[in-house]
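Enquirer: Once you've had a glance at the structure underneath, I'll fire off some questions.
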Amino acid sequence: MSQIFDTALQSGCFVAENSSDQQLPAHSWLAQFSLLRIEGPDSERFLQGQLTCDVAKLAADQWSLGACCTAKGRMVANFVIVRDPADGYWLRLPTAQVDALIQHLKKYAVFFKAQLTDLSASHKIVALIPAQQPAAEQLDSEAIISQRSLSWSEQGAELSYHDGRKEYWLINDNAEQKLTSEALCDSKHWQLFDINLATIWVDTNTREHWIPQNIDWQLQGGVSFSKGCYTGQEIVARLQYLGKAKKALYRISTQESQPLAILSELKTAEGRSIGELCSWSDNQGLALLTITEGLEQVLLVTESSEIPLSIEKLSYTQEQENTTDA
């Protein structure tokens, strides 16, 4: 296998050798993600009863987001999902989540003719990362979802984003060939694009912690409220239609790069707990905070210091008629 795939990773992310002089656009290996395939004659019916997205309506030329929840509506994992030409399904999710999702789904798969295959060892995900991110204030959920396109070739799958990004799901040899023939950059750049798009991934430390609405997964197109029953559906639907939102996602940032931990508690200057950190890279991230008008800064309190964070509500996060602080 290529030396690229033997590269030491930092926090699960690929670090290119030329990290000091990287220029975008460039390609990268999304080492923080892996692939899971579900196939078999019952695969659609099986997944339709387990996932938040409408698997039956997933078009062959589009990709979608989805999640798998416990009976209490807490996400075991969330992912990108596509339909393959053989009418099976592929999921792209954080590498640390693949086995956890397989073990969860196996409890239900025994009743269906469906097979789950971890493709982590045989396939890699290569990304094309463009030079510039779109302005955050221009985010439009419907436009973002409508521009998600998918195509398959002999090489593998190609997924396109509204912001110019592409990702390729390739067998190892094809991935190696692509990565060794292109200018490379660190895969953390992909994470920064995800943060700009307000996309949060469930990982080991947040497994079964959030309901989909906590991370705006319904606004990202990852939840269908018309598809019918699935595990956790009753809780997710109830939270969507009853009550009023008490928490929302906010953009957060610091003046300088900081190594912050996910789920770190955030407080007001007066010491009142107001939420938690959901995603972070370098000096920017996303946080789930109690909705408070006029608040422009919160503090992340560590054992040795208080780190001030500037906050800004997401432009496309509409107030939902739900209760997201369950």
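Terminal number for the sequence shown in numbering that gives the first Met the number 0: 325, no gaps in between. Just so you know, even glycine gets a beta-carbon here, dropped at the ideal spot from N, CA and C. Computed from a prediction, not measured in an experiment: that's the story for all the values here.
#1: If you drop the 5 nearest sequence neighbours on each side, which residues of the same chain put their C-beta closer than 7 Å to that of E263?
#2: Could you name the residues that DSSP lists as bridge partners for H26?
#3: Could you check where the alpha helix (DSSP H) with I101 kicks off and where it finishes?
#4: State yes or no: is the C-beta of G220 within less than 9 Å of the C-beta of C52?
#5: Would DSSP call A325 helix, strand or coil?
#6: Compute the distance between the beta-carbons of L285 and L248, then report whether it is under 9 Å.
#7: For Y249, list the residues DSSP reports as bridge partners.
#8: Using CA coordinates, which residue listed in I306, N282 and A142 is at the minimum distance from A268?
#9: According to DSSP, is D162 helix, strand or coil?
#10: By how many angstroms is the C-alpha of L149 removed from the C-alpha of T253?
#11: Using beta-carbon positions only, say whether A66 and F78 come within less than 9 Å of one another.
#12: Starting from the Cα of L90, find the closest Cα among K112, S42 and A130 and give me that residue.
#13: Distance check for T301 and Q154, CA to CA, integer angstroms please.
#14: Let's test the definition: count the other Cβ atoms within 10 Å of the Cβ of Y240 and tell me whether it reaches 16, buried, or not, exposed.
Expert: Considering the structure as presented:
#1: By 1-based counting over the sequence shown, the position of residue 263 is 264. Here residue 263 is Ser; the residue named in the question, Glu, does not match the sequence. Excluding sequence positions up to five before and after S263, its CB lies within less than 7 Å of the CB of E275, L276 and L299, all in the same chain and listed in chain order.
#2: Taking the first residue of the sequence shown as 1, we reach residue 26 at position 27. The partner list for H26 (beta bridge, DSSP) reads L127 and L183.
#3: Numbered from 1 along the sequence shown, position 102 holds the residue referred to as residue 101. Run containing I101: V97 to A108, per the alpha helix (DSSP H) assignment.
#4: What you label residue 220 is simply residue 221 of the sequence shown in a count that begins at 1. What you label residue 52 is simply residue 53 of the sequence shown in a count that begins at 1. C52 sits close to G220, with the two beta carbons spaced by under 9 Å.
#5: Along the sequence shown, read from residue 1 onward, the residue named residue 325 stands at position 326. Residue placement at A325 is flagged as unreliable, the pLDDT there being 49, under the threshold of 50; the coordinate-derived value follows with that caveat. Here DSSP, grouped into helix, strand and coil, assigns A325 to coil.
#6: If you number the sequence shown from 1, residue 285 lands on position 286. If you number the sequence shown from 1, residue 248 lands on position 249. Contact: yes.
#7: In the sequence shown, residue 249 corresponds to position 250, counting from 1. Answer by DSSP bridge pairing, in chain order: A286 and K312.
#8: Mapped onto the sequence shown, residue 268 falls at position 269. Measuring from the Cα of A268, the nearest candidate turns out to be I306.
#9: For the purposes of this step, residue 162 is taken as the residue at position 163 of the sequence shown. Correct three-state label for D162: coil.
#10: For the purposes of this step, residue 253 is taken as the residue at position 254 of the sequence shown. For the purposes of this step, residue 149 is taken as the residue at position 150 of the sequence shown. Answer to the nearest angstrom: the Cα atoms are 36 Å apart.
#11: Taking the first residue of the sequence shown as 1, we reach residue 66 at position 67. Taking the first residue of the sequence shown as 1, we reach residue 78 at position 79. At a Cβ-Cβ threshold of 9 Å, A66 and F78 count as neighbours.
#12: In the sequence shown, residue 90 corresponds to position 91, counting from 1. Minimum Cα distance to L90 is reached at S42.
#13: Taking the sequence shown and counting its residues from 1, the one referred to as residue 154 is at position 155. Taking the sequence shown and counting its residues from 1, the one referred to as residue 301 is at position 302. Answer to the nearest angstrom: the Cα atoms are 47 Å apart.
#14: What you label residue 240 is simply residue 241 of the sequence shown in a count that begins at 1. Exposed, because fewer than 16 other Cβ atoms sit within 10 Å of the Cβ of Y240.
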